[in-house]
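Heads up: the structure comes next, in structure tokens.
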Amino acid sequence: MRIISFVAFFVCLVTTETNAQTNAPFTIKANNLKAPIQPTMWGVFFEDINMGADGGLYAELVKNRSFEFANPLMGWKEQRQAGSNVLIVNRNIEHSPNPRFARVTVNATKPFGITNEGFRGMGIKKDNGYDFSVWAAMQDGSSITLKAELVSPNGNKLGSTLVSISGKKWKQYKVSFTANATEAKAKLNIWFEGKGVVDVDMISLFPQDTWKRRPGGLRADLVQLLADMKPGFIRFPGGCIVEGKDLANRYQWKKTIGKIEDREVIVNRWNTEFAHRLTPDYYQSFGLGFFEYFQMAEDIGAEPLPILNCGMACQFNTAEVVATNQLDPYIKDALDLIEFANGSTNSKWGKVRADMGHPKPFNLKLMGIGNENWGPQYIERNKLFTQAIKAKYPNIKLVNSSGTDQSGERFDYLNGELRKMNADIIDEHYYRDANWFTQNAKRYDTYNPNGSKVFAGEYSAQSKAIGSSENKNSWVCALSEAAFMTGLERNAGVVYMASYAPLFAHVDAWQWTPNLIWMNNLQAYGTPNYYVQKLFSLNKGTQVVPILLNNNVVAGEDSLFATASIDKNTNELLIKVVNTSDKNITKQFVFEGVNKLDSKALITLLKSDDLNKVNSLDEPNSVSPIESTLAVTGKNINIVLPAYSMQVIKVKIIN
Ligand code: AHR
6 MRIISFVAFF VCLVTTETNA QTNAPFTIKA NNLKAPIQPT MWGVFFEDIN
56 MGADGGLYAE LVKNRSFEFA NPLMGWKEQR QAGSNVLIVN RNIEHSPNPR
106 FARVTVNATK PFGITNEGFR GMGIKKDNGY DFSVWAAMQD GSSITLKAEL
156 VSPNGNKLGS TLVSISGKKW KQYKVSFTAN ATEAKAKLNI WFEGKGVVDV
206 DMISLFPQDT WKRRPGGLRA DLVQLLADMK PGFIRFPGGC IVEGKDLANR
256 YQWKKTIGKI EDREVIVNRW NTEFAHRLTP DYYQSFGLGF FEYFQMAEDI
306 GAEPLPILNC GMACQFNTAE VVATNQLDPY IKDALDLIEF ANGSTNSKWG
356 KVRADMGHPK PFNLKLMGIG NENWGPQYIE RNKLFTQAIK AKYPNIKLVN
406 SSGTDQSGER FDYLNGELRK MNADIIDEHY YRDANWFTQN AKRYDTYNPN
456 GSKVFAGEYS AQSKAIGSSE NKNSWVCALS EAAFMTGLER NAGVVYMASY
506 APLFAHVDAW QWTPNLIWMN NLQAYGTPNY YVQKLFSLNK GTQVVPILLN
556 NNVVAGEDSL FATASIDKNT NELLIKVVNT SDKNITKQFV FEGVNKLDSK
606 ALITLLKSDD LNKVNSLDEP NSVSPIESTL AVTGKNINIV LPAYSMQVIK
656 VKIIN
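Taken in order, the sequence shown gives residues 6 to 660; the numbers are from our numbering.
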């Protein structure tokens, strides 16, 4: 995360690359197989930023369900009645991960209520089922019934249910009901009817239409958008959230597994990160924890890539480091995580996984040591992690940080040290303007294919400046990323993985922009950048083949960028071409090394004449792929490359 400003670039993107147009054809050398493309090539980067988890992917509708926010009643409002009240009680010694509960005294003729506002409201759908649950214990001599009721902002009742509480032992009560209307900004009233004292905790409401209809699960529309990309990996849980503002605030995976009510809530580091986008109600419930991340990765066929804290807090915040002689618990967390994911059910952590419902291993192959950490303090700690992990699990491939920037002193130092260590994979981040992306399409052409591999772990073109709330997911940004990505794929022997960042943002609760997918409480849409990522991912092929213009790679000449691959499983050629100029260009494609091509090619086109075009909740498909077919005769084909476009050309080779 860096705060740097740079100038507007729309004009530059067009003018700097529009050289005199050459008539030379594109030559595709279909039998000259180059580097294999890793199945992990195109993936997704998930971080709980912009209400990506609580308030987003994690479908819980109640905010601050266990009264653990710094202000224990944040998100809740009392519907006051004389003689009734709510008292927050702390039983820290008895239940340290979830110490607080609400003690409700009801002593009125009228019911007493508390109202939860949800995450900028609650998204409720007509005819959908809702699962309400609460932990409760009632004091002797009390008689209280609880009514959970969904209401719209103007007071319309959307559905309700009754819960009869009995006994003074803590018990979980569960009931379901159906909503009678759709509402994006509903609230939940909990009415306490009767007389006496009742203790309540973990007040929860979930929709039933979650991903795979798992109770207490994830928002299905959001997971579906990820599944549709067929990502090769999912990186989680971040991002800076891994590091925390200080070490106490770091992400600790062991505190995110097991029973939901035992997962310790902590403040989300993005809560107050940006003064211009304060989100004081942003906490981490960890209902979406490491088990759920692994499960989601498995569901969508992506390799899980957990990133762990390496004993260093965010260097933009406290920069606190743990003393190297006290790093053992951190390293143990890494080793235990591998056992949690892969260990037999007889092992300590493998058993925990099995007890959570997944006896089969998750088959973890990749793990990251630290996020954007830098300096000798990182290398020192990284070496200790690497030695310990490789000694016990030599097959786990480790992802290593090259800091926050893709060049400069910090990067050069880390890149040099890590390559000396023969590091498996080096994570490079680029949050730059669109020009940077088009100008760096050849970045990896000169990297050593026999050295450490690259993970382009976080990138996105910034239309204004990094950290600016004015950044847009405009077409010019997506197009420049597409141009850059041709260089990643062409260098698949060097670049093993790549992911856009960040992934999700709630339109009413974001801190950072741009983002790949935007949502409100009911809908979500993919940005133009999403469609670029998706097209690369769905059309990656298995091996790079050369596509040449004047015998050179296509990386900027005439504002054109291209990469080609072959899918050995389907015998298809997959060509991606990006035209960043304002002119339609007709190119001849000459196919060498093939006997015959199928009589038609499938063209998938992503374009807009307006470089500032964005998608939105109202117009989610302004920039989205359009498919067509093209008749193919012979092995030389003319194809129009429209102005400001990316297209994928897919054609089968007939042997
Ligand atoms: O993607 C947002 C932030 O950008 C990530 O948390 C961090 O790794 C980077 O600086």
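Here a beta-carbon is modelled for each residue, glycine too, at the ideal position from N, C-alpha and C.
{"Item": "Any heavy atom of the ligand AHR inside 6 Å of the beta-carbon of Asn376?", "Value": "yes"}
{"Item": "Return the first residue and the last residue of the beta strand (DSSP E) that Ala439 is part of.", "Value": "Where Ala439 is concerned, there is no enclosing beta strand (DSSP E), although the alpha helix (DSSP H) it sits in stretches over Ala439 to Gln444."}
{"Item": "Is DSSP giving Gln289 helix, strand or coil here?", "Value": "strand"}
{"Item": "Shorter than 6 Å, the distance from the beta carbon of Gly243 to the closest heavy atom of the ligand AHR, or not?", "Value": "yes"}
{"Item": "For Asn347, tell me which candidate among Thr491, Gly221, Ser604 and Gln300 has the shortest Cα-Cα distance.", "Value": "Gln300"}
{"Item": "Less than 8 Å between the CB atoms is what I'm expecting for Ala87 and Ala113, so what's the real figure, rounded?", "Value": "6 Å"}
{"Item": "Per DSSP, what kind of secondary structure is Pro364 in: helix, strand or coil?", "Value": "coil"}
{"Item": "Quick check: the stretch 426-440 against the stretch 461-470, are there 3 or more CB pairs under 8 Å?", "Value": "yes"}
{"Item": "Under the assumption that Thr568 contacts Glu486 (Cβ atoms under 8 Å), give the Cβ distance between them as a whole number of angstroms.", "Value": "Contact flag wrong, Cβ pair sits at about 14 Å."}
{"Item": "If distances are taken between C-alpha atoms only, which option among Gly292, Asp450 and Lys581 comes closest to Ala64?", "Value": "Gly292"}
{"Item": "Cutting at 6 Å between CB atoms, please list the residues of its own chain near Asp513, excluding the five before and the five after it.", "Value": "Arg125"}
{"Item": "Is it true that the stretch 639-647 meets the stretch 582-595, where meeting means three or more beta-carbon pairs spaced less than 8 Å apart?", "Value": "yes"}
{"Item": "DSSP beta-bridge partners for Gln652?", "Value": "Val582 and Leu610"}
{"Item": "Would a check of beta-carbon distances place Ala107 closer than 7 Å to chain D?", "Value": "The question asks about chain D, but that chain is absent: this structure has only one protein chain."}
{"Item": "Just how far apart, CA to CA, sit Lys365 and Ala359?", "Value": "7 Å"}
{"Item": "Give every residue of the same chain whose Cβ lies closer than 6 Å to the Cβ of Asn322, excluding the five residues on either side of it in the sequence, and list them in chain order.", "Value": "Lys250"}
{"Item": "Could you check whether Tyr436 and Gln467 sit closer than 7 Å to each other, using their CB atoms as the reference points?", "Value": "yes"}
{"Item": "As an exercise, report each continuous beta strand (DSSP E) stretch of at least 3 residues that is fully enclosed by the stretch 149-230, in chain order.", "Value": "162-169, 176-183 and 188-212"}
{"Item": "If you follow the beta strand (DSSP E) that Trp523 is part of, which residue opens it and which one closes it?", "Value": "Ile522 to Met524"}
{"Item": "Considering only C-alpha positions, which residue in the set Arg218, Val404, Val202 and Pro381 is nearest to Val500?", "Value": "Val404"}
{"Item": "Between Ala461 and the ligand AHR, is there a pair consisting of the residue's CB and a ligand heavy atom that are separated by less than 6 Å?", "Value": "no"}
{"Item": "Below 8 Å, how does it come out for the stretch 616-629 and the stretch 517-532: are there three or more Cβ pairs, yes or no?", "Value": "yes"}
{"Item": "Less than 6 Å between the CB of Ala466 and some heavy atom of the ligand AHR, yes or no?", "Value": "no"}
{"Item": "Relative to the alpha-carbon of Met666, which residue among Ser570, Asn445, Tyr449 and Gly456 has its alpha-carbon at the smallest distance?", "Value": "This structure does not reach residue 666, given that the chain is present from 6 up to 660, and the question cannot be answered."}
{"Item": "Need the endpoints of the beta strand (DSSP E) that Val111 sits in, please.", "Value": "Arg105 to Asn112"}
{"Item": "Compute the Euclidean distance between the alpha carbons of Ser138 and Met207, then round it to the nearest angstrom.", "Value": "8 Å"}
{"Item": "Go ahead and label Gly639 buried or exposed: buried means 16 or more other beta carbons lie within 10 angstroms of its beta carbon, across all protein chains shown.", "Value": "exposed"}
{"Item": "Which residue's Cα is closest to the Cα of Thr183: Ile54, Gly164, Ala142 and Gln538?", "Value": "Gly164"}
{"Item": "Can we say the stretch 534-545 touches the stretch 227-235, given the rule of at least three CB pairs closer than 8 Å?", "Value": "yes"}
{"Item": "Note the first and the last residue of the continuous beta strand (DSSP E) segment covering Leu543.", "Value": "Not the beta strand (DSSP E): Leu543 falls in the alpha helix (DSSP H), residues Pro533 to Leu543."}
{"Item": "Please report the distance separating the alpha-carbon of Phe14 from that of Phe279.", "Value": "Any answer about Phe14 is weak, because its pLDDT of 39 lies below 50 and its placement is not dependable; what the coordinates show is given next. Distance between the alpha carbons of Phe14 and Phe279 is about 25 Å."}
{"Item": "Buried or exposed, going by whether 16 or more other CB atoms sit within 10 Å of the CB of Leu155?", "Value": "buried"}
{"Item": "Are the beta-carbon atoms belonging to Glu385 and Thr409 less than 7 Å from one another?", "Value": "no"}
{"Item": "Which residues in the same chain as Val16 place their Cβ atom closer than 7 Å to its Cβ, once the five residues preceding and following it in sequence are excluded?", "Value": "Unreliable positioning characterises Val16 in this predicted model, as indicated by a pLDDT of 39, which lies under 50. The coordinate reading is nonetheless provided below. Around Val16: no qualifying Cβ."}
{"Item": "Between the stretch 134-152 and the stretch 192-199, can you find at least three pairs of beta-carbon atoms closer than 8 Å?", "Value": "yes"}
{"Item": "Pop quiz: Ile571 and Leu565 are said to be a contact at Cβ under 8 Å. What is the actual Cβ separation, rounded to whole angstroms?", "Value": "Between Leu565 and Ile571 the Cβ distance is about 21 Å, and since that is not below 8 Å, they are no contact."}
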